[in-house]
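Read in order, the letters of the sequence shown are residues 1001 to 1229 in the working numbering.
For each residue, glycine too, the CB sits at the ideal point set by N, CA and C.
Have a look at the structure below before the remarks.
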Amino acid sequence: MKLAIMQPYFFPYLGYFQLAHSVDSFVVYDDVHFSKGGWVNRNYILSQAGRSLLTLNLSGASSNRLINEIAVGDNKEKILKTVRQQYSKAPYFELAYPVIEDIFSIYEPNLASFLGYGVQRICHYLGIRDTWYWSSEIAKDGSLKGQDKVIDICKKLGAEHYVNLPGGRNLYGRERFEDEGMELSFIEPGNYVYKQYSRSFVPNLSIIDVIMFNDPKDFPLMLSSYSIV
């Protein structure tokens, strides 16, 4: 079984979903510490200035707390209004906006649960059919950290192959995984370019931008535009 383990993020970029597409099972890594200044609760969308940062307000956010110990703030309606304003003329707005609206409409005060639902809902729209797990619900050695914790999760779920995004190269070593009888690989997202209105392409925006400008029939090609090394 091929497995990915990632923190839940706020409408992450395409590479996150290419990672989900590349594996059989996906673990929402909700019992790790929240990182201030990271991408757990923010991302970029297209704007007249090129790109604009959306930030989900939080309650009780602290680097001393786990992601699943933090609450969602009070600006979901404002963010949804901004998305509607920026993308109302996008070619696939009528298809994509209800998906975004559904995510924002759920009453889920827990940050990890809200973000996890969003990732899963987008995966469903994209046609990704992974088996999902929550790391907080997996019986594991709570004293482990970093690479050792990831390996323990892999072993508990019976994974034979662990796949991570490029940033994981500084965190995980192939020899360590091989010692545990597992393969370690990294996904290299491709340079997938698409038309955004009539302007020059602005890369690495939220998946919101991707689904607003791409026909669902092109999702299989878009999700497969990566290599695994």
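Close CB contacts of GLN1007 within its chain, under the 7 angstroms cut and outside five residues either way in sequence, are with TYR1029, VAL1032, VAL1040, ILE1067 (chain order). Of the candidates ILE1228, ASN1170, LEU1054, GLN1048, GLN1048 places its Cα closest to the Cα of PHE1201. DSSP places GLU1188 within a strand segment (E or B) once states are collapsed to three.
A residue is called buried once 16 or more other Cβ atoms fall within 10 Å of its Cβ, and ALA1139, having fewer, is exposed. Taken in chain order, the whole alpha helix (DSSP H) runs of length 4 or more contained in the region 1159 to 1212 are 1174 to 1179. By the criterion of at least three beta-carbon pairs nearer than 8 angstroms, the region 1046 to 1061 is in contact with the region 1079 to 1091. Here ASN1075 has ASN1057 as same chain residues with Cβ atoms under 6 angstroms from its own Cβ, once five neighbours each way along the sequence are excluded. VAL1119 and PHE1011 have their alpha carbons spaced roughly 7 angstroms apart.
Only residues of its own chain outside the window of five on either side were considered, and among them GLN1147, LEU1184 have a CB closer than 8 angstroms to the CB of GLY1173, listed in chain order. Non-local beta-carbon contacts of TYR1125 in its own chain, meaning distances under 6 angstroms to residues more than five positions away in sequence, involve VAL1099 in chain order.
In the displayed model, TYR1016 falls within a helix according to three-state DSSP.
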